[in-house]
Amino acid sequence: MNQSDFVAELSWRGMVHQTTEGLAAHMATLGRVAYAGFDPTADSLTVGNLVSAMLLARLQRCGHKPIVVMGGATGLIGDPSGKSSERQLLDPAQVKKNVAGQRKIFEKLLDFTGPNAAVIVDNAEWLLKMGYIEVLRDIGKHFSVNQMVTRDSVANRLESREQGLSYTEFSYMILQAYDFAHLFKAHGCTVQMGGSDQYGNILSGIDLIRRLSQGEGFGLTAPLLLKSDGTKFGKSESGNVWLSAERTSPYRFHQFWLNASDEEVGKLLRWFTFFDRATIEALEAAQKANPSERAAQKALADAATEMIHGAAEVARAKSAALALFSGDIRALDAALLDEVTHDLTSTVIAASALDGDGVALLEFLATTPLAASKREARDFLAAGAVSVNGEKAVTDAKLTRKDVLHGAVILLRRGKKQWHALRVGN
RNA sequence: GGGCGGUUACUCAAGCGGUCAACGAGGGCAGACUGUAAAUCUGCUGGCUUAGCCUUCGGAGGUUCGAAUCCCCCACCGCCCA
Numbered sequence: 155m156n157q158s159d160f161v162a163e164l165s166w167r168g169m170v171h172q173t174t175e176g177l178a179a180h181m182a183t184l185g186r187v188a189y190a191g192f193d194p195t196a197d198s199l200t201v202g203n204l205v206s207a208m209l210l211a212r213l214q215r216c217g218h219k220p221i222v223v224m225g226g227a228t229g230l231i232g233d234p235s236g237k238s239s240e241r242q243l244l245d246p247a248q249v250k251k252n253v254a255g256q257r258k259i260f261e262k263l264l265d266f267t268g269p270n271a272a273v274i275v276d277n278a279e280w281l282l283k284m285g286y287i288e289v290l291r292d293i294g295k296h297f298s299v300n301q302m303v304t305r306d307s308v309a310n311r312l313e314s315r316e317q318g319l320s321y322t323e324f325s326y327m328i329l330q331a332y333d334f335a336h337l338f339k340a341h342g343c344t345v346q347m348g349g350s351d352q353y354g355n356i357l358s359g360i361d362l363i364r365r366l367s368q369g370e371g372f373g374l375t376a377p378l379l380l381k382s383d384g385t386k387f388g389k390s391e392s393g394n395v396w397l398s399a400e401r402t403s404p405y406r407f408h409q410f411w412l413n414a415s416d417e418e419v420g421k422l423l424r425w426f427t428f429f430d431r432a433t434i435e436a437l438e439a440a441q442k443a444n445p446s447e448r449a450a451q452k453a454l455a456d457a458a459t460e461m462i463h464g465a466a467e468v469a470r471a472k473s474a475a476l477a478l479f480s481g482d483i484r485a486l487d488a489a490l491l492d493e494v495t496h497d498l499t500s501t502v503i504a505a506s507a508l509d510g511d512g513v514a515l516l517e518f519l520a521t522t523p524l525a526a527s528k529r530e531a532r533d534f535l536a537a538g539a540v541s542v543n544g545e546k547a548v549t550d551a552k553l554t555r556k557d558v559l560h561g562a563v564i565l566l567r568r569g570k571k572q573w574h575a576l577r578v579g580n
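155 is the number of the first residue of the first sequence in the working numbering; add one for each residue after it.
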C-alpha cells in the first residue's frame, strides 16, 4: 500500500485547513493513532460527514491507525459549534440505534484487519460511567471559564439574546476534550482530526492531555466544504444525500456526484476519491477540453459510488441512468425495467381501472408525488412537462392497458428528473 | 405599569374601504436553449367541477351593500418612558 506522507498527501488535495505545530514531523513516524468524532444524530451519515471519514481512510492508507469515535454520550447533548440554537436532546435508545447504523458505513471505508486495523469506539463507554462530581474534580478544574467564553462558538451564542446557551451545551467542549485525553491514555491516540469548526475543541483536548498526562497531542482540521455558489454541500433537490442505501439509493447517490458543477468537480475528486494527482489532473484537463463529455464528473460518480455501495451498484446506477435519460423506455427488457424502477416512488393501480378508456392522466398525477394538486398537474401537462414511458403526454391523455410495459408498470416523468412508477396490481 | 409601532402567501415586502387570491423581490417548479450543467429568456407559484366558483391577509367579534384595509377585545413581536 502507498505509504506516502500523510500531511503532504492531504495538502495537495486541499484538505488541510489548520494543523497544530509539529504535526507533519509527528506523522513522519508510521503507526501513529488518530481519531475523528461523529455525532450519532441519525442512523446514517451524509456526504458532509464523508469529509472526516475520508481523513481517517487516507490516514490508514498512509500507514497510521484510525479510530472512529461515535459520540454516543456527547450526542445526548449536542455540540454548540456552528449551531445557532439549542440542540434537541436525543434519547439513549435512539443514539444506540444510530451508532449501529453508522458503524456499517465505516466498515466500508476503513480496514478493520491488519497491523493498523481501524477501531470504532463509543464515548458512551467511558463518559457514561463518570460521576458528575468526578468530572468536576478531575477534569473541570483544568478548564478556565474565562478562556472558554472567548471561543467563537460560545461567544456568538452568549451575544445573541434570543438563543442563549445552556449550561449543558457549554460543557460540551469539556467532554470532547476528555475524549481525546482518554484515547491518548487508552489507545495511544495522539492526533484528532475534524472540520474547521472543531479546531477549538481539538485544542482543548490537546491542552487537557498536557495537564493530565504530560503528553503531547496534535490536531488537524479540514476546510469547510461549501458549494461554489456558497450553499451547503451535500443537499440535493430531494434533500440530504446520505451514505446508506436505505436513505439515498445508489442511483441517486451516483446522480448526485454526476451533477457536480465544472468548478467544483476537481476539488471533489481530490477530496472524495483515491485517484492520484496525475489521474485527477488528467481528468480535469479532459473536462476542460471537452466539457460536454463530463469525464471528470463520470469518474467521480463511479469512484464515489463504488467506494460506498460497491461496483455492482455502480453498474446498476449507470444502466438505470442510461435508460431513463436516453428516453427509449419501451425498448427496455423486463429485467432492466425492473432495475430502473427499483428506486422510484411508486403507486399501485388496479389492472381493471386501465380497461377500456382507462384513467385520465390528469386525475392520476395529482395522486402521485409528481404533482401536488390537480391544478399543478394541469399546469405541468399544459407545459409539456409530463411524459409517459418517455413520450410527451397531452393534457387529456388517458392511461390504458396499452401503456403498461411488460405487464407490470407505467413510467411517468415530470420535468427532467422526477420519475414515478405506476405498478399494476392484480 | 404607561406610550407608540407592528403581525400579509415558502421568505422578504407592498397594500390603508370596492378595480385584491392580493404590487414587487428572492426562492421553488416548469418550458426553450444546453452537457441530466451554468448563464439567459418565458411561464407558473391557495384550491376547484377554471370565461366562473370557493377558502385566505395573527385570533375572536363588530360597522358597512361591500373589509387585508375602519372600530372593539385578545395573543404575540419591536421600540421608547417608568
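C-beta: ideal position from N, C-alpha, C; glycine also. Fair warning: this is a prediction, and the values are worked out from it, not measured in the lab.
So, with DSSP's three-state summary, where would you put residue i?
i, result
"Gln451", "helix"
"Met181", "helix"
"Met169", "coil"
"Lys237", "Only weak support exists for where Lys237 lies, its pLDDT of 49 falling under 50; the value from the coordinates is given anyway. Reduced to three states, the DSSP call for Lys237 is coil."
"Asn156", "Residue confidence is low: Asn156 scores 49 on pLDDT, short of 50, so the model does not pin down where it sits. Its coordinate-derived value is still stated next. Coil."
"Gly371", "coil"
"Ala526", "coil"
"Pro220", "strand"
"Val558", "coil"
"Arg577", "strand"
"Asn203", "helix"
"Ala551", "coil"
"Asn300", "helix"
"Lys546", "strand"
"Ala247", "helix"
"Asn394", "strand"
"Ala162", "helix"
Residue i: which of the options sits nearest, CA to CA?
i, options, result
"Arg364", "Ala271, Thr375, Ala465, Phe338", "Phe338"
"Thr228", "Phe192, Arg212, Gly202, Ser206", "Phe192"
"Arg577", "Asp492, Lys219, Val540, Ser541", "Asp492"
"Ala399", "Lys262, Gly217, Ala182", "Lys262"
"Arg470", "Asp456, Ser480, Ile483", "Asp456"
"Gln352", "Gln368, Ser367, Phe334, Arg406", "Phe334"
"Gly373", "Ser350, Leu379, Val395", "Ser350"
"Lys250", "Glu279, Leu490, Arg212", "Glu279"
"Leu177", "Ser206, Ala190, His341, Met347", "Met347"
"Glu517", "Asn252, Leu535, Leu281", "Leu535"
Along the chain, where does the alpha helix (DSSP H) that runs through residue i open and close?
i, result
"Arg568", "From DSSP, Arg568 is part of no alpha helix (DSSP H) but of the beta strand (DSSP E) over 563-568."
"Thr433", "431-443"
"Ile287", "286-292"
"Gly348", "Looking at the DSSP string, Gly348 is not in any alpha helix (DSSP H); the run it does join, the beta strand (DSSP E), is 345-349."
How about residue i and residue j: do their beta carbons lie closer than 8 Å?
i, j, result
"Ala376", "His171", "yes"
"Leu566", "Leu508", "no"
"Val513", "Lys552", "yes"
"Ile259", "Leu199", "yes"
"Gly354", "Asn277", "no"
"Ala331", "Ser367", "no"
"Ala449", "Phe426", "no"
"Ala504", "Gly579", "yes"
"Val205", "Val275", "no"
"Ala436", "Ser500", "no"
Could you give the residue range of the beta strand (DSSP E) that holds residue i?
i, result
"Phe192", "187-192"
"Ile363", "Note, Ile363: premise wrong, no beta strand (DSSP E); alpha helix (DSSP H) at 353-367."
Whole runs of the alpha helix (DSSP H) within the segment 462-542, excluding any shorter than 4 residues: The alpha helix (DSSP H) runs lying completely inside the segment 462-542 and spanning 4 residues or more are 465-480, 488-495, 515-519, 528-536, given in chain order.
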